[in-house]
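All remarks here apply to the structure that follows.
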Amino acid sequence: MKIILFFLLTVFCFSPAFPEEIIINKKLNGLEREYEFPKALKMMEAHIEEFPDDYVIQFRIANYFFYGRKGVEANRQKARRLYLTLLQSLIRMQDKSPELLYIIGIAVSNSSGNTVSAFNWLLESAEKKYPPAEAEIAFRYMKGIGVKSNFEQAAQWAKKAMEHGNSLGQAIYGAYLLNVEKKRVEGYHLIQKSADSGNAGGLYMLFHCLYYGKGCKVNKDTALKCLELSSYQGFSDAIAKLKILKRGVK
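When we follow numbering that gives the first Met the number 0, the leftmost residue of the sequence shown carries the number 0, and every step to the right adds one.
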């Protein structure tokens, strides 16, 4: 149920500091936009052989195995080992950047299931205005992961993430406007924009809009395509919903 989605991943953009990282991130993002995840994984693993201290790529590899991707089978046991190895190095670092705090939060959550500790790491990152962390905090407030569910807090953090250019935050804020504020047109528009960017969370929320006619006309064919594309990125809710629909339950 976590995103990390996404992360997820295909969902988050990092700020590399070295030319090698700029090049591989550009190539990876291109492959992921085309859902060429096996090729992306192969490239990342080759990169780590040459640059074993690139913790951002290590993190992305762990996410691939934790959530799975189209053509990449989920392997939670392997993912947890990768997260734990990563944590051993990152926890010892001084002057942790917002990006590093975010990675630690997701790694703690996915390796141990300690969602409360993870939330605190993510919150520290979000308070330093790191957009993926702001979106993740919004998601966890929305779902009640490691913290009591609070839609108002979710909306506040989602809006911050959206204003800082994060597509997941845009989708969550859109969902809040659509379902809580009943601002259907505005909410649907934000969700659609997030989905158009390829964000897994946005695609999943657009599925709900189109499948059930929330803020728009029903279009089940397009809705199911959105759900499929979200599942390709390993978005847990989309994968679970696909299984339900295949069993004939609406």
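Ideal placement from N, C-alpha and C gives every residue a C-beta, glycine not left out.
DSSP on residue i, reduced to helix/strand/coil?
i, result
"R80", "helix"
"V146", "coil"
"G164", "coil"
"V200", "Just to set this straight, residue 200 is Gly in the shown sequence, not Val. Helix."
"R91", "coil"
"N218", "coil"
"K41", "helix"
"V107", "helix"
"R183", "helix"
"Y101", "helix"
"A239", "helix"
"K245", "helix"
"Y63", "helix"
"Y34", "coil"
"F234", "coil"
"I195", "The sequence given here has Asp at residue 195, not Ile. It is helical."
"Y129", "coil"
"G212", "coil"
"E19", "helix"
"G112", "coil"
"S96", "coil"
Assuming residue i contacts residue j (C-beta within less than 8 Å), just tell me the rounded distance between them.
i, j, result
"K219", "Y210", "6 Å"
"A134", "L167", "4 Å"
"I21", "M43", "With a Cβ gap of about 15 Å, I21 and M43 do not count as contacting."
"D236", "Y203", "6 Å"
"Y66", "L89", "Not really, about 20 Å apart at Cβ, beyond 8 Å."
Buried or exposed: which applies to residue i, given that a residue is buried once 16 or more other Cβ atoms fall within 10 Å of its Cβ?
i, result
"K1", "Residue confidence is low: K1 scores 44 on pLDDT, short of 50, so the model does not pin down where it sits. Its coordinate-derived value is still stated next. Buried: at least 16 other Cβ atoms inside 10 Å."
"M92", "exposed"
"R32", "exposed"
"G256", "For the chain, the structure presents residues 0 to 249; residue 256 sits outside this window and is missing."
"P130", "buried"
"Q191", "buried"
"P51", "exposed"
"N165", "buried"
"G104", "buried"
"K245", "exposed"
"A125", "buried"
"E98", "buried"
"A45", "exposed"
"N280", "With the chain represented from 0 up to 249, any question about residue 280 goes unanswered, as that position is not in the structure."
"R75", "exposed"
"S229", "buried"
"G145", "buried"
Which residues does DSSP pair with residue i in a beta bridge?
i, result
"H68", "A quick correction: the sequence has Arg, not His, at residue 68. DSSP output for R68 lists V71 as bridge partner(s)."
According to the Cβ coordinates, are residue i and residue j closer than 8 Å?
i, j, result
"Q169", "G143", "no"
"I102", "F58", "yes"
"A78", "N119", "no"
"A199", "F150", "no"
"I23", "I47", "no"
"G212", "S193", "no"
"K242", "L226", "no"
"A154", "Y175", "yes"
"A106", "L86", "yes"
"R263", "L189", "This structure cannot settle anything about residue 263, because the visible part of the chain is limited to 0 through 249."
"R80", "F36", "no"
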